[in-house]
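A.B. asks: This is the structure I want to talk about, given as structure tokens.
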Amino acid sequence: MPKPSDTRVREQRSLFGEILDWMLAPLLLLWPMSVVLTWLVAQGIANKPFDRELGEMVRALSKEVSVRAADGPRAQAVFKLPAGASEILHTDEADDIYYQVLGLRGEFLSGDSALPVPADEDRGAPGELRFRDDTIKGDSVRVAYMWVNVADRASEPSSVSANDRTSDRSAERMAAAMPLVQVAETLGKRSRLATEIIKGVILPQFVILPLAVLLVWLALARGIAPLNELQQRIRRRDIDDLSPIDEREAPEEVSPLVRAINDLLGRLDKSMRAQKHFLADAAHQLKTPLAGLRTQAELAQRQIDAGQHDPQALKKSLQQIARSSQSAAHMVNQLLAMARAEDQQHASQRQVVNLARLATETVRDFVPRALEKRIDLGYEGPEPSGNTRRPSSDHESAALARHPQGPLVVGHALLLRELIRNLVDNALLYTPVGGTVTVRVVDDPFGQVVVLQVEDSGPGIAAAEREQVFQPFYRSLGTNVDGSGLGLAIVREIALQHGAEVTLEDANLRYRPGLGEHAGAPFGPGTRFTLRLAAAPPQTGPLAAGFSSESGAGSSRSTSGSPAPDPT
Numbered sequence: 005m006p007k008p009s010d011t012r013v014r015e016q017r018s019l020f021g022e023i024l025d026w027m028l029a030p031l032l033l034l035w036p037m038s039v040v041l042t043w044l045v046a047q048g049i050a051n052k053p054f055d056r057e058l059g060e061m062v063r064a065l066s067k068e069v070s071v072r073a074a075d076g077p078r079a080q081a082v083f084k085l086p087a088g089a090s091e092i093l094h095t096d097e098a099d100d101i102y103y104q105v106l107g108l109r110g111e112f113l114s115g116d117s118a119l120p121v122p123a124d125e126d127r128g129a130p131g132e133l134r135f136r137d138d139t140i141k142g143d144s145v146r147v148a149y150m151w152v153n154v155a156d157r158a159s160e161p162s163s164v165s166a167n168d169r170t171s172d173r174s175a176e177r178m179a180a181a182m183p184l185v186q187v188a189e190t191l192g193k194r195s196r197l198a199t200e201i202i203k204g205v206i207l208p209q210f211v212i213l214p215l216a217v218l219l220v221w222l223a224l225a226r227g228i229a230p231l232n233e234l235q236q237r238i239r240r241r242d243i244d245d246l247s248p249i250d251e252r253e254a255p256e257e258v259s260p261l262v263r264a265i266n267d268l269l270g271r272l273d274k275s276m277r278a279q280k281h282f283l284a285d286a287a288h289q290l291k292t293p294l295a296g297l298r299t300q301a302e303l304a305q306r307q308i309d310a311g312q313h314d315p316q317a318l319k320k321s322l323q324q325i326a327r328s329s330q331s332a333a334h335m336v337n338q339l340l341a342m343a344r345a346e347d348q349q350h351a352s353q354r355q356v357v358n359l360a361r362l363a364t365e366t367v368r369d370f371v372p373r374a375l376e377k378r379i380d381l382g383y384e385g386p387e388p389s390g391n392t393r394r395p396s397s398d399h400e401s402a403a404l405a406r407h408p409q410g411p412l413v414v415g416h417a418l419l420l421r422e423l424i425r426n427l428v429d430n431a432l433l434y435t436p437v438g439g440t441v442t443v444r445v446v447d448d449p450f451g452q453v454v455v456l457q458v459e460d461s462g463p464g465i466a467a468a469e470r471e472q473v474f475q476p477f478y479r480s481l482g483t484n485v486d487g488s489g490l491g492l493a494i495v496r497e498i499a500l501q502h503g504a505e506v507t508l509e510d511a512n513l514r515y516r517p518g519l520g521e522h523a524g525a526p527f528g529p530g531t532r533f534t535l536r537l538a539a540a541p542p543q544t545g546p547l548a549a550g551f552s553s554e555s556g557a558g559s560s561r562s563t564s565g566s567p568a569p570d571p572t
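Number 572 marks the last residue of the sequence shown (our numbering); no jumps.
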């Protein structure tokens with residue numbers, strides 16, 4: 005049962021939309037960040053001039069702090085607000101301004117007592133102007149403060165001190181306890197200035213951003229216009245126009261895609277040409293037997309119409325009709341076999357196949373035909389019938405130990421049977437009366453492949469023709485053999501479907517791996533077709549369909565016609 009993800013149709017993606025998304029999405033994500041950063045920068049810019057004013061106020065007030073010098077705890081800080089200073093501090097219409105002055109021991113001297121005192125970690129060096137954010141009466145304020153160094157600001161000399169040592173101790177105590185001057189201001193002006201800065205920066209972006217999106221949209225549309233033009237040129241092509249696309253008419257970025265399409269078009273054109281050639285040859289090959297059928301039928305009809313009732317003539321015509329119909333039927337069957345061999349869907353229908361069983365069954369199917377021509381048709385290889393005789397050689401013993409179920413391959417049983425049938429049919433066609441045809445299955449000593457051989461004692465195939473014989477409808481000249489010319493083409497196609505290669509050679513010497521060589525009595529050089537298929541691993545579970553569970557691993561030669569020489 006297919007998974008839901010397998011049946012769900014994937015939504016088609018748009019290249020235009022993908023590029024637009026990747027350009028605009030980061031922009032839309034960065035824009036809020038830029039607003040936040042602009043706000044922070046605007047706050048810093050707005051604080052600088054107002055912080056400068058607060059600092060000047062703190063310095064001005066700190067100059068009015070003095071100490072009434074006295075030895076010991078009697079020392080006191082004195083602060084006197086100048087005339088008119090209070091009015092200056094409270095004349096700001098936009099914000100409220102607060103100030104506070106604390107004495108040496110933190111006692112309140114002047115100003116607003118509600119203003120918070122800075123924390124210990126915020127205490128600065130004497131005379132250092134510092135700033136902080138705080139709240140007073142529920143309002144956020146900006147505070148400037150300074151610890152005033154009053155060690156040299158005694159308003160009158162010490163009357164108790166009699167020597168320098170006493171004066172030094174008094175100065176140290178005053179340095180350790182310093183007055184604090186603070187000035188705070190609410191944030192109205194600062195917020196308005198920061199808002200104006202934000203408006204000046206952000207508001208133009210509301211105009212620029214849509215324009216930027218529009219320009220990006222137009223630029224992308226203009227950029228992919230060559231792709232649309234290429235699409236239109238391809239759409240305007242005729243259905244049979246498989247010529248390459250001009251790479252110069254496409255953008256550089258899609259040149260690899262154009263080259264890949266051109267490669268596909270080239271292979272498709274080659275395949276179409278081969279298919280047309282194949283159909284033309286098939287029509288030509290079918291025309292001959294069909295024309296013979298028509299001629300013989302018309303001849304018989306004319307004889308009947310003329311009142312000629314010669315039984316021999318009618319018999320001859322009917323025999324010709326039978327031969328022509330048989331030839332046409334054979335041609336059609338071969339064409340269907342070729343179509344099956346070229347079907348790529350067979351790759352998903354493979355199973356473990358006993359090659360010896362397929363070979364022996366095919367040999368039995370051709371026994372009547374071999375007897376008709378008095379040809380010695382035999383099989384050599386492992387016995388699929390479950391014969392438990394003692395192995396006759398070390399090679400057979402090793403084969404039996406490796407594959408007790410017989411020589412196994414992974415493939416499509418129907419196609420492999422068709423392959424063997426075409427090889428045997430080809431051998432019987434070209435082997436003269438009284439000749440020998442041998443089907444051989446050999447187990448590789450290393451257990452990696454299973455070798456299939458079909459050998460005959462016919463006229464052989466010239467070296468110059470050994471590649472051409474695998475082309476559809478090719479037949480060797482001078483053989484006087486009536487065939488379709490498709491058998492070996494079907495063999496090669498099925499072999500390619502199984503990842504194998506068919507080779508052929510002269511068979512004037514018969515070679516049986518592991519059993520040595522022996523001389524036969526061929527009527528000609530003969531031909532040996534060899535196919536090497538990958539061996540399947542031994543089967544420990546249930547056997548595949550069509551697989552014999554009684555397959556042995558012994559060696560035998562089943563023959564029809566005259567017996568073959570003893571290989572030993």
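Yeah, the Cβ is synthetic: ideal placement off N, Cα and C, and Gly gets one too. Fair warning: this is a prediction, and the values are worked out from it, not measured in the lab.
1. Since F54 contacts E189 with CB under 8 Å, what's their CB separation in whole angstroms?
2. Going by alpha carbons, who is nearest to G128 out of Q186, K141, L119 and V145?
3. Considering only their Cβ atoms, is the gap separating D429 from G464 smaller than 8 Å?
4. Hey, Q307 and D314 are a contact pair by Cβ (cut 8 Å); roughly how many whole angstroms apart?
5. Tell me where the beta strand (DSSP E) around L108 begins and ends.
6. Would L508 pass as a contact of F533 if the rule is Cβ separation under 8 Å?
7. Going by the beta-carbon positions, is the gap between M182 and V154 smaller than 8 Å?
8. Return yes when the Cβ of V258 is within less than 8 Å of the Cβ of F359, no when it is not.
9. Decide yes or no for the touch test of the stretch 103-120 against the stretch 197-208: beta carbon pairs closer than 8 Å, at least 3 of them.
10. Could you round the C-beta distance between Y383 and V367 to whole angstroms and report it? I think they count as a contact, below 8 Å.
11. Relative to the C-alpha of G131, which residue among R194, P30, L222 and E60 is closest?
12. Measure the alpha-carbon distance for A304 versus P293 and round it to whole angstroms.
13. Taking the C-alpha atoms as reference points, what is the distance between A179 and A64?
14. Taking DSSP as the reference, what is the three-state secondary structure of P189?
15. For Q577, which residues does DSSP report across the bridge?
16. Identify, in the order they occur along the chain, each residue of the same chain with its Cβ nearer than 6 Å to the Cβ of A582, setting aside the five sequence neighbours on each side.
17. Once the 5 residues before and after T42 are set aside, which same chain residues still bring their CB inside 7 Å of it?
18. Please say whether I494 and E376 have beta carbons closer to each other than 8 Å?
19. Give the secondary structure of N358 by DSSP, where H, G and I count as helix, E and B as strand, and everything else as coil.
20. By alpha-carbon positions, which one of H416, G491 and T364 ends up nearest to F474?
21. Specify, as a first and last residue, the run of the alpha helix (DSSP H) that T507 falls within.
22. What are the start and end residues of the alpha helix (DSSP H) that includes D429?
23. Consult DSSP for F112 and reduce its assignment to one of helix, strand or coil.
24. With distances taken Cα to Cα, identify the nearest neighbour of G439 among R373, G415, L362 and A467.
25. Going by DSSP, what residue range makes up the beta strand (DSSP E) through S247?
26. Apart from the five residues just before and just after A278, which ones in its own chain have a Cβ nearer than 7 Å to its Cβ?
27. Using three-state DSSP, classify M150 as helix, strand or coil.
28. Tell me the residue span of the alpha helix (DSSP H) that contains D25.
29. Would you mind stating whether Q472 and A539 have Cβ atoms separated by less than 8 Å?
30. Work out the CA separation of Q457 and P411 for me, nearest whole Å.
31. Taking the alpha carbon of A363 as the point to measure from, which residue in R298, V443, D460 and I238 has its own alpha carbon closest?
32. Is it buried or exposed for R394, if we count other Cβ within 10 angstroms and need 16 for buried?
33. Keeping to the same chain, check which residues put their C-beta closer than 8 Å to that of A332; ignore five residues upstream and five downstream.
34. To the nearest angstrom, how far is it from the Cα of A523 to the Cα of E459?
35. Just to confirm, are P386 and V445 a CB contact at a threshold of 8 Å?
36. Among the residues of its own chain, which have a CB less than 8 Å from the CB of A225, if the five just before and after it don't count?
C.D. replies: Here's the rundown:
1. On the sequence shown, position 50 is the one that residue 54 refers to. On the sequence shown, position 185 is the one that residue 189 refers to. Taking C-beta atoms under 8 Å as the contact rule, F54 and E189 qualify, at a distance of about 7 Å.
2. By 1-based counting over the sequence shown, the position of residue 128 is 124. In terms of Cα proximity to G128, the closest of Q186, K141, L119 and V145 is Q186.
3. Position 460 of the sequence shown, counted from the start, is the residue given in the question as residue 464. Position 425 of the sequence shown, counted from the start, is the residue given in the question as residue 429. Their beta carbons are not under 8 Å apart, which means G464 does not touch D429 by this criterion.
4. The residue labelled residue 307 in the question sits at position 303 within the sequence shown. The residue labelled residue 314 in the question sits at position 310 within the sequence shown. About 7 Å; that satisfies the 8 Å criterion.
5. As a working mapping, residue 108 is identified with position 104 in the sequence shown. Note, L108: premise wrong, no beta strand (DSSP E); not H, not E.
6. Translated into positions along the sequence shown, residue 508 becomes position 504. Translated into positions along the sequence shown, residue 533 becomes position 529. Cβ distance < 8 Å, so L508 and F533 count as in contact.
7. Counting from one through the sequence shown, the residue named residue 182 turns up at place 178. Counting from one through the sequence shown, the residue named residue 154 turns up at place 150. In this structure, V154 lies closer than 8 Å to M182 by Cβ.
8. Position 355 of the sequence shown, counting from 1, holds the residue named residue 359. Position 254 of the sequence shown, counting from 1, holds the residue named residue 258. Looking at the sequence provided, one finds Leu at residue 359 rather than Phe. The Cβ atoms of L359 and V258 do not sit closer than 8 Å to each other.
9. At 8 Å Cβ cutoff, the stretches do not touch.
10. To locate residue 383, count along the sequence shown from 1; it is residue 379. To locate residue 367, count along the sequence shown from 1; it is residue 363. The pair is a contact, with the Cβ atoms about 5 Å apart (cut-off 8 Å).
11. Taking the first residue of the sequence shown as 1, we reach residue 131 at position 127. Of the candidates R194, P30, L222 and E60, the residue whose Cα lies closest to the Cα of G131 is E60.
12. Translated into the one-based positions of the sequence shown, residue 304 becomes position 300. Translated into the one-based positions of the sequence shown, residue 293 becomes position 289. The alpha-carbon atoms of A304 and P293 are separated by roughly 16 Å.
13. On the sequence shown, residue 179 is found 175 positions in, with the first residue counted as 1. On the sequence shown, residue 64 is found 60 positions in, with the first residue counted as 1. At A179, the pLDDT of 48 sits below 50, so the modelled position is not reliable; the number obtained from the coordinates is stated separately. Approximately 20 Å between the Cα atoms of the pair.
14. Position 185 of the sequence shown, counted from the start, is the residue given in the question as residue 189. Correcting the residue identity first, residue 189 is Glu in this sequence and not Pro. Strand.
15. The structure shown does not extend to residue 577, since the chain is modelled only from 5 to 572, so the question has no answer here.
16. Here the chain comprises residues numbered 5 to 572, so residue 582 is not present and cannot be evaluated.
17. Against the sequence shown, residue 42 aligns to sequence position 38. Excluding positions up to five away in sequence, the list reads I202, V205 and I206.
18. Counting from 1 along the sequence shown, the entry for residue 376 is found at position 372. Counting from 1 along the sequence shown, the entry for residue 494 is found at position 490. Not a contact, by the Cβ cut-off of 8 Å.
19. Taking the sequence shown and counting its residues from 1, the one referred to as residue 358 is at position 354. Note: N358 maps to strand in three-state DSSP.
20. On the sequence shown, position 470 is the one that residue 474 refers to. Distance check between F474 and each of H416, G491 and T364 places G491 closest, using alpha-carbon atoms only.
21. Along the sequence shown, read from residue 1 onward, the residue named residue 507 stands at position 503. Segment V506 to D510 is the beta strand (DSSP E) holding T507; no alpha helix (DSSP H) there.
22. Against the sequence shown, residue 429 aligns to sequence position 425. Residues A417 to Y434.
23. Here residue 112 is taken as the residue at index 108 of the sequence shown, counted from 1. Residue state for F112 is assigned as strand, using DSSP reduced to three classes.
24. As a working note, residue 439 is residue 435 in the sequence shown. If we check each option's Cα against that of G439, R373 comes out closest.
25. Working through the sequence shown from its first residue, we reach residue 247 at position 243. S247 -> no beta strand (DSSP E), and no H or E assigned at all.
26. Against the sequence shown, residue 278 aligns to sequence position 274. Counting only Cβ-Cβ distances below 7 Å, and skipping sequence neighbours, we find nothing.
27. Within the sequence shown, residue 150 is the residue found at index 146, counting from 1. Here M150 sits in strand by DSSP.
28. Position 21 of the sequence shown, counted from the first residue, corresponds to residue 25. From DSSP, the alpha helix (DSSP H) with D25 extends over L19 to S66.
29. Position 468 of the sequence shown, counted from the first residue, corresponds to residue 472. Position 535 of the sequence shown, counted from the first residue, corresponds to residue 539. Not a contact, by the Cβ cut-off of 8 Å.
30. Along the sequence shown, one-based indexing puts residue 411 at 407. Along the sequence shown, one-based indexing puts residue 457 at 453. Cα to Cα, P411 sits roughly 14 Å from Q457.
31. Along the sequence shown, read from residue 1 onward, the residue named residue 363 stands at position 359. Looking at R298, V443, D460 and I238, the one whose alpha-carbon comes closest to that of A363 is V443.
32. To locate residue 394, count along the sequence shown from 1; it is residue 390. Because the pLDDT at R394 is just 47, under 50, the model does not fix this residue reliably, and the point stays unresolved.
33. Mapped onto the sequence shown, residue 332 falls at position 328. Cβ within range, chain order: L290, P293, L294 and L297.
34. For the purposes of this step, residue 523 is identified with residue 519 of the sequence shown, where counting begins at 1. For the purposes of this step, residue 459 is identified with residue 455 of the sequence shown, where counting begins at 1. A caution first: A523 carries a pLDDT of 42, below 50, which makes its placement in the model unreliable, though a value can still be read off. Using only the alpha carbons, I get a separation of about 13 Å.
35. Within the sequence shown, numbered from 1, the residue matching residue 386 stands at position 382. Within the sequence shown, numbered from 1, the residue matching residue 445 stands at position 441. Yes, Cβ-Cβ distance for P386 and V445 is below 8 Å.
36. Residue mapping note: residue 225 aligns to position 221 of the sequence shown, counting from 1. Non-local beta-carbon contacts of A225 in its own chain, meaning distances under 8 Å to residues more than five positions away in sequence, involve F20 in chain order.
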